[in-house]
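Take a look at the structure set out below.
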Amino acid sequence: MSLTSGAELSFTLEPSDIIAVQEQPLMLPCQVDGVPPITTQWRRNGKPLPEDHSYTMLPNGSLLIGHFQRTKSDGSSDEGDYECVAQNAFGLLLSRKARVQAANVVPPSIYHHPLSSQVAPAALVDYGSRGEGGARMLRCRRCADITLGSLLSGSLMASVRPQYFSI
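Per UniProt numbering, the sequence shown starts with residue 1, numbered consecutively.
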């Protein structure tokens, strides 16, 4: 949304909606073309961002949230609608709004334990255990360089190369 007309100021990269992961970094892009000097600021839910060590304005205008928080100790949240504000001598320009939401991460649940078994190295074993959504638990020991096309649950998995892994 432009508050002025003319080609003196334009966005080359704007933020877009994103699902953020708790405690992980998050970057919202904002790059502007125009006649210098250009200043950029960020707003969340229509208000300027607080001066806070958790927000870093990068030299290109993008915003880095160092550790995304759904709920901070003061009760505030990094969730919301973000927009970049660019300004120069010719006017002011607002980016499109980007909705930032926290991912709903559900920890896995195993409903019954696998039977003990002895298998050869690099064997893939289906223990018959079930997790959320009917996913099956598979285990592989010393499975360097194996490739699985799809798991029994139907989930795709490609080029698994760890020394040990559990699914």
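Built from N, CA and C at the ideal position, the CB exists for glycine as well.
Item to check | Candidates G91, R96, F68, A89: closest to C25 by CA position | outcome: Counting from 1 along the sequence shown, the entry for residue 25 is found at position 25. For clarity, residue 25 is Pro in the given sequence; the question names Cys instead. It is F68.
Checklist entry - Quick one, which of I38, P15, Q101 has its alpha-carbon nearest A63's? => result Residue numbering aside, residue 63 sits at position 63 when the sequence shown is read from its first letter. The sequence shown places Leu at residue 63, not Ala. Considering only alpha carbons, the answer is P15.
Item to check | Buried versus exposed, by CB contacts within 10 Å (16 or more), I19 | outcome: For the purposes of this step, residue 19 is taken as residue 19 along the sequence shown, with counting starting at 1. Classification for I19: exposed.
Item to check | Which listed residue (N104, A102, G91, R96) has its alpha carbon closest to that of P37 | outcome: Here residue 37 refers to the residue found at position 37 of the sequence shown. Residue G91 is the option with its Cα nearest to P37.
Item to check | Pairwise C-alpha distance: Q22 and E8 | outcome: Taking the first residue of the sequence shown as 1, we reach residue 8 at position 8. Taking the first residue of the sequence shown as 1, we reach residue 22 at position 22. Whole-angstrom Cα-Cα distance: 38 Å.
Next on the checklist: To the nearest angstrom, how far is the alpha carbon of E51 from that of R43?
Outcome noted: Within the sequence shown, numbered from 1, the residue matching residue 51 stands at position 51. Within the sequence shown, numbered from 1, the residue matching residue 43 stands at position 43. Taking the straight line joining both Cα atoms gives about 11 Å.
Item to check | Endpoints, beta strand (DSSP E) assigned at E14 | outcome: Residue mapping note: residue 14 aligns to position 14 of the sequence shown, counting from 1. Segment: none, E14 is in no beta strand (DSSP E) and carries neither H nor E.
Next on the checklist: Could you check whether Y82 and K72 sit closer than 9 Å to each other, using their CB atoms as the reference points?
Outcome noted: Start at 1 with the first residue of the sequence shown, and residue 72 comes out as number 72. Start at 1 with the first residue of the sequence shown, and residue 82 comes out as number 82. Against a cut-off of 9 Å, the Cβ pair of Y82 and K72 comes out as no contact.
Item to check | Identified DSSP bridge partners for L58 | outcome: Taking the first residue of the sequence shown as 1, we reach residue 58 at position 58. Paired residue(s): none; L58 is not in a bridge.
Checklist entry - Would you say M57 and Q41 are within 9 Å of each other, going by their C-beta atoms? => result Your numbering for residue 57 matches position 57 in the sequence shown. Your numbering for residue 41 matches position 41 in the sequence shown. Yes, the pair counts as a contact, with Cβ atoms nearer than the cut-off.
Next on the checklist: Pop quiz: L94 and V85 are said to be a contact at Cβ under 8 Å. What is the actual Cβ separation, rounded to whole angstroms?
Outcome noted: Walking along the sequence shown from the start, residue 94 turns up at place 94. Walking along the sequence shown from the start, residue 85 turns up at place 85. 6 Å between Cβ atoms; contact.
Checklist entry - If you draw a straight line from the C-alpha of I34 to the C-alpha of L28, how long is it? => result Taking the first residue of the sequence shown as position 1, residue 34 is located at position 34. Taking the first residue of the sequence shown as position 1, residue 28 is located at position 28. Strictly speaking, residue 34 in this sequence is Gly, with Ile absent from that position. C-alpha separation (whole angstroms): 20 Å.
Checklist entry - DSSP puts K47 in a beta bridge; with which residues? => result Looking up residue 47 in the sequence shown gives position 47. Beta-bridge pairing links K47 to R44.
Checklist entry - By Cβ distance below 6 Å, which residues in the same chain neighbour Q87 in space, the five residues on each side in sequence not counted? => result Counted from its first residue, the sequence shown places residue 87 at position 87. T39.
Checklist entry - Quick one: is D78 buried, meaning 16 or more other Cβ sit within 10 Å of its Cβ, or exposed? => result As a working mapping, residue 78 is identified with position 78 in the sequence shown. Under this definition D78 is a buried residue.
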